[in-house]
Each structure stands twice: as C-alpha cells, then as structure tokens.
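Residues are numbered in the UniProt record's numbering as their position in the sequence shown, beginning at 1, plus a constant of 10.
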Amino acid sequence: PVPDPAAGEAVKSADRAHVFHSWSAQGLIDPLPVAGGQGAYFWDYDGNRYLDFSSQLVNTNIGHQHPKVVAAIQEQAGRMCTMAPGFAIDVRSEAARLVAERTPGDLDKIFFTNGGAEAVENAVRMARLHTGRHKVMSAYRSYHGATAAAINLTGDPRRWASDTGTAGAVHFWGPHLYRSHFHAETEEQECERALAHLEETLAFEGPGTVAAIILETVVGTAGVLVPPPGYLAGVREICDRYGVVFILDEVMAGFGRTGEWFALDHYGVVPDLLTFAKGVNSGYVPLGGVAISAEIAADFDERPYPGGLTYSGHPLACASAVATIEAMAEEGIVEHAARIGETVLGPGLREIAERHPSVGEVRGMGVFWALELVRDKETREPLVPYNASGAANAPMAEFAAACKRGGLWPMTNMNRVHAVPACTVTEAEAKEGLAVLDEALAVADAHTTA
Ligand code: PLP
C-alpha cells in the first residue's frame, strides 16, 4: 500500500461530518481511515499496516479480499445483481444447500436474512409461533444483536437502554467457572449447578409461558466462554422435557471460528433452530439466516410464514456465501483453524499467561480465544470494572493503544482481549500477533497490584 495521508484526511473529514457511528458518543470517537485489506492484514492511509486480530467484528473468517470470493461477487454482479426473495434463483438455492449440508440433524430449511440480529429476530418469531408461548430465555453473558427482540435477549450493558419493552426476555446465568455464579470449583459442579439454575428459573417463569431458550454455542463477545462438557446436552434435555424450542446462536462461533463448521459439532447437540451470519461469507456482502428443523418448518407448509425481508437471500450475498463455503472446503480452512488453535494460539497464549501477572485466564479453541485481564491473579479482580468507560477504562485503552503501536489490531471488550484472527491466519502471522500481545501486556501488568 502506498501512503496517501491527504486522501486519508479527506475520508476522515467527510466521515466526521456525516457518518453516525454505532454504539459511540459521536464527539468522542476517532475512527481510523482504512485504505484496504488483504488476508490477515488491513492498512491505513499513513502507511501503517495492522495484523487484524479482531477479524473486524469477528466476521472475516477467510481474511480480507479472498480472490475466489471477490471473483464470485464480480461474476454475480455482471449476471444478476438483485432478484426478489419470492423467486427461485441458482445462487440462493446453492447457498441454502451448502449451508443445510453442514447444519446438524434435520435443520435443512434455510431462511436468509441480512445479518445476525435479523436471524435471531426470526428464530424467536418461529419459536413463538411453534409453541404459542411468548417468553424467551437467554444468558446474562451473551450478545444476540441490536434489533428489538435480539437486543432484549442480549445480556451485556448495550441492552440496558432498550430494556423499556423487554418483549418477554428473561435472563439466567450460564456456566463460567472462572467467575462462577454458583461457587463451583470444578467444571462438573459448574455444569450441574448451571443446569439446575436454568431449570429452576424456568419453573419460576412458568414453563408453559416459555417459547425458547437461546444460547451462543460458545459465547463470543461476552468472553469466549466454552461450555463445560454436558451443558448443552443438558439444556437440550430440559427443552425437550418442557416443550421449549432450543435456539443455538452460531452467528460468531459458526463457519470455522472454533475449528469446526459449527461450534455445536464439538458437542453433538442438535438445536431446533440455528442462527448464522458473519463467517457464512466473511461479511463480504451482508448475510445471515436461520436453519430450521423439519418439525418447525412443517408448521408453515399450509399457513404462510409471517415474516420476510426485501433482501432475503440477496444474489450478491448468496454468491459470496457459495464461494466462501466452497473455498473453505477446498482449502481446508476449517481444519487449518483447528490446527492453529491447537498448535500455535492455545500454547502461545498459555505461555504468555504464565509470564504476565495481568493475565488471569486463557480460554478458547480454533481461532476463538480470550485473555481475561486482572489486577490480581489471586482475587481475580478484573483489570477494569464491569462496563467501565473513560478514566475507569484507561488500563484497557492503554493496552489497546500499545497493541496498535505494535501493528496489531486487537479486539477488546471490558477487561478482556480476544485473539480472533482469520481462520486462514498462517503460523507465522499468528506468532507475530502473539509477540505483539506479549509486549503490549506490559502495559496491563503495570496496573496489577502484584
Ligand atoms: N449473535 C451473535 C452471537 C453475535 O456475535 C452477533 C454479532 O456480533 C449477532 C448475533 C448480531 O449480528 P449482526 O451484528 O450481524 O446483526
């Protein structure tokens, strides 16, 4: 990339004048003007290149500008840019087939959306219609999207401002041994107590009022929380016993991120509805969807499904999904992500944790990892308080700035840094990222009480 600071300034000034940014105090942000990206990297207009350890919003699973996917979008644009959802078209049929071949059990019908939140929105609608019940239960440590039902189901503080009409959302505690809500000391205790807590919450809510339980298979934004063995199977069993629809949200965990096509493949659990987005086409064109069980799909054999979107199964999005899934299969990208996790990221992050007093826990799989940063390894006091902002968040902001100075774009959330590069990240790139994290953690160490 050739530096062009003047062009960067022009991009930035028009942005500041006219672009209203997500989740932000508009006057306090300083968006980086980005000129381009390739593979595991992107770069600005000043000649700085960043190793993308955030995969943008954990979506560029095949990296930036994969040539096969770029070509497929160009080819599709030349042939058919748009066609309404009511028609049968080649790329939509093919994308649905390729997704359905990878979803478990009889989740063989695909309703396409423009992203993850709309997938959650429609999964909830299907569950309510299927059961004739209204409430939906979700975990406090969760993110499900920013539309009406999805934001209410979300656990993190971004939901608070939208909690005025909670639309039947009920929260419970999922398993998280490091910060156990259940005073558990082992994974087995955590699993057993989390399941008992879920069942008790269900009993007190009235099982006859609960349409669905929705969980991220591996919780993403709220901390890369890998469920203990038996937890998801236990939730499946509770859902079956009370006639509750089980929705697994694979928007972030799906399509290679955990080293399997879907995170649920690690557990052999089959939900009734599965939501996906992000990695299905690495976000090259907005796309998400719901994979639907035969039983729920059959509800709408004779009566119309009361939901739809102008761009459901958009040709450019579907063409990019077909090319992405084919590239991932041809190039062994899912297996590669598993290997990088087992041989480079996992061992490397654990080694880093030993060297740094600020790293309380390392967890993850595939290219889906989190470091939990603490002031004190013994007390586990988080490096910054829950939902810290401004001065209270300074240690995390300083740490993120140190990563960027080292040429690494990190994903930070509360007191955590997530290491979530592309599934295609090479061993050398992963090691380069680990080295930058290692160095930047000195900044976090300086804030420990040890
Ligand atoms: N579900 C999960 C698990 C997610 O991680 C996200 C986004 O981060 C969403 C849903 C919402 O997806 P979108 O931002 O595409 O609406």
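Glycine included, each C-beta is placed from N, C-alpha and C at the ideal position.
By a beta-carbon distance limit of 8 Å, Asp118 does not contact Ala127. Their separation comes to about 24 Å. If the five residues before and after Val332 are omitted, its C-beta is found closer than 8 Å to the C-beta atoms of Ala82, Val101, Glu104, Ala105 and Leu108, all from its own chain and listed in chain order.
Shown here, Val290 sits in a helix according to DSSP, grouped into three states. Counting C-beta pairs with one atom in each stretch, the segment 368-387 and the segment 443-454 have three or more that are closer than 8 Å, which means they touch. Taking each of Thr141, Arg385, Gly376 and Thr320 in turn and checking the Cα distance to Pro217, the smallest one comes out for Thr141. Here Leu61 is bridged, per DSSP, to Tyr51 and Leu418. Less than 9 Å divides the Cβ of Phe121 from the Cβ of Gly317. Chain-ordered, the residues whose CB falls short of 6 Å from any heavy atom of ligand 1 come out as Leu67, Gly125, Gly126, Ala127, Val130, Tyr153, His154, Gly155, Glu226, Gly230, Thr231, Asp259, Val261, Met262, Ala287 and Gly298. In this structure, the CA atom of Gly342 is about 15 Å from the CA atom of Phe272. Taking C-beta atoms as the reference points, Phe52 and Pro420 fail to come closer than 9 Å.
Looking from the CA of Pro325, the closest CA among Val295, Ala308 and Thr176 belongs to Val295.
For Val430, no pairing in a beta bridge is given by DSSP. Comparing alpha-carbon positions, the option among Leu205, Gly178, Ala179 and Val180 lying closest to His191 turns out to be Leu205.
Remark: C-beta atoms of Glu260 and Phe286 approach each other more closely than 9 Å.
Bounds of the beta strand (DSSP E) holding Ala222 are Val220 to Glu226. By the Cβ-count criterion, Ile72 is buried, with 16 or more other Cβ atoms from all chains shown falling within 10 Å of its own Cβ. Within the model, the alpha-carbon separation for Arg143 versus Ala329 is close to 37 Å. In this structure the segment 381-395 touches the segment 424-431; the number of beta carbon pairs closer than 8 Å is three or more. For Ser103, there is no enclosing beta strand (DSSP E); the residue is found in the alpha helix (DSSP H) stretching over Asp100 to Arg112. When the Cα atoms are used, Cys91 and Leu283 turn out to be separated by approximately 29 Å. Within the same chain, and ignoring the five residues on either side of Ile161 in sequence, the residues whose Cβ sits closer than 6 Å to its Cβ are Arg169 and Ser172.
Using a C-beta cut-off of 8 Å, the segment 247-255 makes contact with the segment 221-239, since at least three inter-stretch Cβ pairs fall below that distance. Judged by beta-carbon spacing, Lys288 lies within the 9 Å limit of Asn69, meaning their Cβ atoms are closer than that value. As computed with DSSP, Pro392 is found in a beta bridge with Val384.
Here Pro405 really is in contact with His457; their C-beta atoms are around 4 Å apart, less than 8 Å. For Ser292, the closest C-alpha among the options Thr353, Tyr60 and Ala337 is that of Ala337. Here Asp173 carries a coil assignment [DSSP, helix/strand/coil]. DSSP places Glu371 in the strand class (E or B) of the three-state scheme.
Thr157 and Arg267 have their C-alpha atoms roughly 24 Å apart. In its own chain, leaving out the 5 sequence neighbours on each side, no residue places its CB closer than 8 Å to the CB of Ala20. Distance check between Gly115 and each of Ala363, Ile302, Ile99 and His154 places Ile302 closest, using alpha-carbon atoms only. Met147: member of the beta strand (DSSP E) spanning Lys145 to Ala149, first to last residue. Where His366 is concerned, there is no enclosing alpha helix (DSSP H), because DSSP gives it neither an H nor an E. Within the model, the alpha-carbon separation for Gly96 versus Arg390 is close to 54 Å. Beta-bridge partners assigned by DSSP to Thr123: Gly298.
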